[in-house]
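**Q** Quick note, in our numbering, the first sequence goes up one by one and the last residue is 931.
From the three backbone atoms N, C-alpha and C, an ideal C-beta is built for every residue, glycine too.
Bear in mind the structure is a predicted one, so any value in this text is a computation, not a measurement.
Can you read through this structure? Questions will come right after.
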Amino acid sequence: MEYNFKDIEARWQKYWQQNNTFKAEDRSTKPKYYVLDMFPYPSGAGLHVGHPLGYIASDIIARYKRHRGFNVLHPMGYDSFGLPAEQYAIQTGQHPALTTKKNIQRYRRQLDKIGFSFDWDREVRTSSPDFYRFTQEIFLRLFNTWFNKKTGKAEPIADLIAAFSFSGTEGVEAAASEDLHFTAEDWNMYSEEAQEKILQNYRLAYRAESTVNWCPALGTVLANDEVKDGLSERGGHPVVQKKMMQWSMRITAYAQQLLDGLEEVDWNESLKETQRNWIGRSEGARVEFSLQGHTEKIEVFTTRPDTIFGASFMVLAPEHPLVDGITVPEYAGAVKKYKEQAARKTERDRMADVKTISGQFTGAYAIHPFTQKSIPVWVGDYVLASYGTGAVMAVPAHDSRDYAFARQFELPVLPVVEGGDVSKEAFEAKEGTVVNSDFLNGLQVGEAIHKAIAQIEEMGLGEGKINYRLRDAVFGRQRYWGEPIPIYYKEGIPMPVKAEHLPLSLPEVDAYLPTEEGEPPLARAAAWEYDPEKGVVAKGEGYPLETTTMPGWAGSSWYYLRYMSPQAGKLVDEEAVRYWQEVDLYVGGSEHATGHLLYSRFWHKFLHDLEIAPTTEPFRKLINQGMILGNSAVVYRVEGKNTFVSYGLRKQYKTTKIHADVALVNSSDELDVEGFKAWRDDLGNAEFILEDGKFKVGREVEKMSKRWYNVVNPDDICAQYGADTLRMYEMFLGPLEQSKPWNTAGISGVHGFLRKLYRLYVQNDSLLVNEEKADKKELKALHTLLKKVTEDMNTFSFNTSISAFMICVNELTELRCSKREILEPLAICLSPFAPHLAEELWHKLGHATGISRVDFPAYNEAHLEEDAFVYPVAFNGKMRFKQELPRNASKESVEKEVMQNEKTKHYLEGKTPKKVIVVPGKIVNIVV
RNA sequence: GCCCUGGUGGUGGAAUUGGUAGACACGCGGGACUUAAAAUCCCGUGGACAGCAAUGUCCGUGCGGGUUCAAGUCCCGCCUGGGGCACCA
């Protein structure tokens, strides 16, 4: 019997399930290893071959670590709240819970076929009330916490209230939306409502009027990372800026820690860089400029305080609160008009419009703090209200945007750093000698920045300051299919739902759309009010409950902790968490760099402050698997006709491209014409212009998507070649972290390898394995493989491991080696990659128990050694011939042997070499 | 514009980190077995030139320089694919 993967795979998948083979222990004397995949959103389309790529890699590591004696936690679950299920519900009226359940079942079936070693007892689903009650608990903990800058930690809001009633804001250093000042008397006199309003300024989960990304098509707000180029990431709908009362997360409190934490994790550089860019730390100074005839001052933030003497005008954002107050009557009309015009522009317009410079003079003047000269104050939309202070001191000589503005409105340009020619463009380099700057003259830019800040602080004009680009994350979504926010409103004051009433379950609604008044879907629920004694009650019987739900990233920000104790009746079981600590290896796509991976670090640091999470970072090592791209097939239709032309002849016609289903194309790019005709109604009577009797398609590499008909389903591959072939082929395709197109053509090589390997053990239904002693060559073949695989486990270079397997098996086949001494370790080594086949072989070798926890065979360097080294002999660095020499020969004797060789003499042509270089074990180079 | 990454045969990709470039696989060409096909096995396969031949010589890792006995690998200057940030002061 040939290698019958169908039987083998079905048998061992059943065996693993029945024996609970991959159950992880929460208490163990073994060392632990936690290897995690980013859990999927169970979409209706099911899995394509790109999805399992990362899961296969993590499964290889998980299985390998088990062989190495680790207690491995390798769980899987579903990120099952989300927009697609909800939109499907809107269209069909089906409850999203139902479609989600169906999709999960399909995912599970597909995953099971590939033979992963997940501990399914630990499965989590973010949309399950058993899970989201704890997501809600974390929300309440965030609500009840403020960030103390002095300790660098989250602390109970009660402590802050105590501090306020004792000494007001004096001595309090808190992360806050606004810098507030009041005394203890003030605080104690405030109404409860006023006090709560102030507390919202400090809570880590808080409500605030903020400018949000509103997507009218989706009817909801979006976080910054969910917006790409002014369009929603899901669906690509336009997004506009809108002011709304919103729940937010004070992630900015942790900006510095999120930045610093990147130093201690083992992630790739580009991902760290993406997060650094997103956090966007910039060092500089806050400086106040007085205004002529006003007591208010304009505050600016600058990273170049050294250029302050070059400040020749100031620009306020159109939304800046001082604009109206300082504008002189004769400019009032023009300023008003300008502000309106700016307000009409969406974020997208502004971005598309970077080159048009617009602005308006206010008629007001500020006073330069050092020269006392008056400088004009303008309004301009290139200054953003949301960053820094919403105002800038313009130094046109050394900032290109200020420069463009100055040129447009003919404002003075004063160079203060040597090295540029400001007649053409701004000189922005952070180097050179400062000039025309009084006490800064002669200093280098770096020194001047420090001195300027020192002087600004001494004169009480401001201070050194660090700004971050990172914004607080909008947390409320006007949607149905998400975690309800456990808050009710008592006389308008947000109050936490009591712990005993969690989970606050999603109510039934009659439709999944917003109400006619524009309220979120939850406002439709018949029972969506709250009584602190009874819990959720019907309309009119309690206080109104919050109607927005949490965003998609809420559940995924802590699910990795839940896997440690998935059945615990509390957030986490302390003992389990103490044992598992953190995720040792996290595998997932880099598209989550500024979303999930940042938010979960934020929550983790918060939970660490509460002493729930033992570590400061959640994911020790992170690997981004590349995307598997689709290899689309395109056919060329002659314009205006229902005639298609083969790829090679397309240039002779005027054609348009049409995607064809890749299932209709064979590996030589030939189209199944009859299948294509039957594929779509309009193609039934299509004509085809062939080349050499065949119709060829063009190929294009694109994202794998239903839309391009280029989706390859792993089920089909499993049916045709088996899961082990699929697993190995996906790894063989190329480096894990690289994106690459799927190409089914190459799969035969890997499949052939597995059959060849099988034939080492079994032929004609009988076991070939014998008990003879292995010889040197056979041991070398095996140990070369063991060494390569062992080393590749650290670098995730599974593609080269598989090459090593092929070399080893080719060699053993050639040697006709079927010795147990070789084949037993070979089966274990294969187990992480092709687990079904490895189990089968292990069983055939006579072992009654499974292979999964058998010790991984160690390689022995002694078996890799050769009796003789083959030294390449080079002349002037060019290789000419090779010479075999004893392994333990000294440098000198190698040199002597080589110099006496006939060929050497031939190449030397009687000349004496200038130099002879012997690199032991590598090369001999003779320089003539 | 700034930052991070890559660029190697017809294709996917190797190369012990400065030491025989192109491992392994696909594809292609040739052969064996077979009535035939499938399957399997063997040989060849970067380019150019010379030779009946074994073989030999030269050129070759995006481009141009440099360091070195020796460069895909290190340094300088460009070109180019992918990703991130972006009127962020």
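For Ala865, does the three-state DSSP call read helix, strand or coil?
**A** Along the first sequence, one-based indexing puts residue 865 at 862. In the structure shown, Ala865 sits in a helix (DSSP, three-state: H, G or I).
**Q** Less than 8 Å between the CB atoms is what I'm expecting for Arg890 and Ala871, so what's the real figure, rounded?
**A** Start at 1 with the first residue of the first sequence, and residue 890 comes out as number 887. Start at 1 with the first residue of the first sequence, and residue 871 comes out as number 868. Confirmed, about 6 Å.
**Q** So what does DSSP say about Ile626, is it helix, strand or coil?
**A** Looking up residue 626 in the first sequence gives position 623. Of the three classes helix, strand and coil, the one that applies to Ile626 here is strand, per DSSP.
**Q** By the 10 Å Cβ neighbour count, where 16 or more other Cβ atoms means buried, how is Met192 classified, buried or exposed?
**A** Counting from 1 along the first sequence, the entry for residue 192 is found at position 189. When all chains shown are included, Met192 counts as exposed.
**Q** Helix or strand or just coil, what does DSSP make of Ile926?
**A** Numbered from its first residue, the first sequence carries residue 926 at position 923. Note: Ile926 maps to strand in three-state DSSP.
**Q** In whole angstroms, what is the alpha-carbon distance linking His77 and Phe121?
**A** Against the first sequence, residue 77 aligns to sequence position 74. Against the first sequence, residue 121 aligns to sequence position 118. Computed Cα separation, rounded: 5 Å.
**Q** Are the CB atoms of Thr277 and Ala596 nearer to each other than 7 Å?
**A** For the purposes of this step, residue 277 is taken as the residue at position 274 of the first sequence. For the purposes of this step, residue 596 is taken as the residue at position 593 of the first sequence. In contact: Thr277 and Ala596 (Cβ atoms closer than 7 Å).
**Q** Restricting to Cα atoms, I'd like to know which of Trp711, Thr728, Pro923, Val648 is closest to Lys697.
**A** In the first sequence, residue 697 corresponds to position 694, counting from 1. Out of Trp711, Thr728, Pro923, Val648, Val648 has the C-alpha closest to the C-alpha of Lys697.
**Q** Could you check whether Cys832 and Glu781 sit closer than 7 Å to each other, using their CB atoms as the reference points?
**A** Numbered from 1 along the first sequence, position 778 holds the residue referred to as residue 781. Numbered from 1 along the first sequence, position 829 holds the residue referred to as residue 832. Not in contact: Glu781 and Cys832 (Cβ atoms no closer than 7 Å).
**Q** Between Val919 and the rest of its own chain, which residues show a CB-CB distance below 8 Å, the 5 nearest in sequence each way excluded?
**A** Residue numbering aside, residue 919 sits at position 916 when the first sequence is read from its first letter. For Val919, where only same-chain residues beyond five positions count, the Cβ hits under 8 Å are Glu898, Val901, Met902, Val927, Asn928, Ile929, Val930.
**Q** Just the C-alpha distance for Val641 and Lys657, rounded to the nearest angstrom, thanks.
**A** Residue 641 sits at position 638 when you count from the first residue of the first sequence. Residue 657 sits at position 654 when you count from the first residue of the first sequence. Each residue's Cα considered, the two are about 6 Å apart.
**Q** Taking the alpha carbon of Leu101 as the reference point, which residue from Gln94, Ala88, Arg112, Ala288 has its own alpha carbon closest?
**A** Taking the first sequence and counting its residues from 1, one reaches residue 101 at position 98. Per the Cα distances, Ala88.
**Q** For Ser251, does the three-state DSSP call read helix, strand or coil?
**A** The residue labelled residue 251 in the question sits at position 248 within the first sequence. Strand.
**Q** Is the beta carbon of Ala837 sitting closer than 7 Å to the one on Met731?
**A** The sequence position of residue 837 within the first sequence is 834, counting from 1. The sequence position of residue 731 within the first sequence is 728, counting from 1. In this structure, Met731 lies closer than 7 Å to Ala837 by Cβ.
**Q** Where do the N-terminal and C-terminal ends of the alpha helix (DSSP H) with Thr3 fall, by residue?
**A** Summary: the structure shown does not reach residue 3, with the chain confined to residues 4 through 931, and so no result is reported for it.
**Q** Please report the straight-line C-alpha distance between Thr359 and Phe408, rounded to a whole angstrom.
**A** Against the first sequence, residue 359 aligns to sequence position 356. Against the first sequence, residue 408 aligns to sequence position 405. The alpha-carbon atoms of Thr359 and Phe408 are separated by roughly 10 Å.
**Q** Give me, in chain order, the residues of the same chain whose beta-carbon lies closer than 6 Å to that of His839; leave out the 5 immediate sequence neighbours on both sides.
**A** Counted from its first residue, the first sequence places residue 839 at position 836. Hits under 6 Å: Ile11, Glu12, Trp15, Gly118, Asp727.
**Q** What residues in its chain sit with their C-beta under 6 Å from that of Tyr385, if we drop five residues either side in the sequence?
**A** Reading the first sequence from its first residue, position 382 is the one you call residue 385. Once the five neighbours on either side are set aside, the close Cβ partners of Tyr385 are Arg404.
**Q** Rounded to the nearest angstrom, how far is the Cβ of Ala777 from that of Cys811, given a contact under 8 Å?
**A** Stepping through the first sequence from its first residue, residue 777 is reached at position 774. Stepping through the first sequence from its first residue, residue 811 is reached at position 808. Going by Cβ atoms, the distance from Ala777 to Cys811 rounds to 13 Å, so no, they are not a contact pair.
**Q** Could you tell me which of Ala451, Pro523, Ala502 sits nearest to Tyr483, measuring between CA atoms?
**A** Taking the first residue of the first sequence as position 1, residue 483 is located at position 480. Of the candidates Ala451, Pro523, Ala502, the one whose C-alpha sits nearest the C-alpha of Tyr483 is Pro523.
**Q** Can you give me the C-alpha to C-alpha distance between Pro510 and Arg136, rounded to a whole angstrom?
**A** Here residue 510 is taken as the residue at index 507 of the first sequence, counted from 1. Here residue 136 is taken as the residue at index 133 of the first sequence, counted from 1. If you take the alpha carbons of Pro510 and Arg136, they lie about 14 Å apart.
**Q** Any idea if Arg144 is buried or exposed, counting beta-carbon neighbours within 10 angstroms, 16 or more meaning buried?
**A** The residue given as residue 144 occupies position 141 in the first sequence. That one is buried.
**Q** What are the boundary residues of the alpha helix (DSSP H) that Pro99 is part of?
**A** Stepping through the first sequence from its first residue, residue 99 is reached at position 96. Counting along the chain, the alpha helix (DSSP H) containing Pro99 begins and ends at 99-117.
**Q** Grouping DSSP H, G and I as helix and E and B as strand, with all else coil, what is Leu294?
**A** Working through the first sequence from its first residue, we reach residue 294 at position 291. DSSP places Leu294 in strand when its eight states are reduced to three.
**Q** Can you name, in chain order, every residue of its own chain whose Cβ lies under 8 Å from the Cβ of Arg210, other than the five neighbours on each side?
**A** In the first sequence, the residue the question calls residue 210 occupies position 207. Within the same chain, Arg210 has close Cβ partners Gln203, Met248, Gln249, Trp250, Ser251, Pro497.
**Q** Assuming Leu525 and Pro499 are in contact, meaning their beta carbons sit under 8 Å apart, how far apart are those beta carbons, in whole angstroms?
**A** The residue given as residue 525 occupies position 522 in the first sequence. The residue given as residue 499 occupies position 496 in the first sequence. Not really, about 17 Å apart at Cβ, beyond 8 Å.
**Q** Are three or more beta carbon pairs between the segment 740-750 and the segment 624-642 nearer than 8 Å?
**A** They touch, by the three-pair rule.
**Q** How many Å lie between Pro566 and Leu610 at the Cα?
**A** Indexing the first sequence from 1 puts residue 566 at position 563. Indexing the first sequence from 1 puts residue 610 at position 607. Note on identity: in this sequence residue 566 is Tyr, with Pro being the wrong assignment. Rounded to whole angstroms, Tyr566 to Leu610 spans 16 Å at the Cα level.
**Q** Please classify Ala48 as buried or exposed, where buried requires at least 16 neighbouring CB atoms within 10 angstroms.
**A** Counting from 1 along the first sequence, the entry for residue 48 is found at position 45. That one is exposed.
**Q** Between the Cα of Trp217 and those of Glu195, Ala197, Leu234, Val242, spot the shortest distance and give me the residue it belongs to.
**A** Position 214 of the first sequence, counted from the first residue, corresponds to residue 217. That would be Val242, whose Cα lies nearest to the Cα of Trp217.
**Q** Using the Cα positions of Val224 and Arg604, report the straight-line distance between them to the nearest angstrom.
**A** As a first step, residue 224 must be located in the first sequence, where it is residue number 221. As a first step, residue 604 must be located in the first sequence, where it is residue number 601. Computed Cα separation, rounded: 23 Å.
**Q** If you count every other CB in all the chains shown that lies within 10 Å of the CB of Met462, and 16 or more means buried, which is it?
**A** For the purposes of this step, residue 462 is identified with residue 459 of the first sequence, where counting begins at 1. Exposed.
**Q** Helix, strand or coil: how does DSSP classify Asn151 here?
**A** Walking along the first sequence from the start, residue 151 turns up at place 148. Asn151: strand per DSSP, three-state reduction.
**Q** Please report the distance separating the alpha-carbon of Pro159 from that of Ala616.
**A** If you number the first sequence from 1, residue 159 lands on position 156. If you number the first sequence from 1, residue 616 lands on position 613. Spanning the two alpha carbons is a distance of roughly 17 Å.
**Q** With distance defined between alpha-carbon atoms, name the residue in Arg623, Ser635, Ile692 nearest to Asn645.
**A** Translated into the one-based positions of the first sequence, residue 645 becomes position 642. Here the closest residue by C-alpha is Ile692.
**Q** Suppose you measure from the CA of Lys804 to the CA of Thr747; what does that come to, to the nearest Å?
**A** Indexing the first sequence from 1 puts residue 804 at position 801. Indexing the first sequence from 1 puts residue 747 at position 744. Checking the sequence, you will find Ser at residue 804 rather than Lys. Rounded to whole angstroms, Ser804 to Thr747 spans 20 Å at the Cα level.
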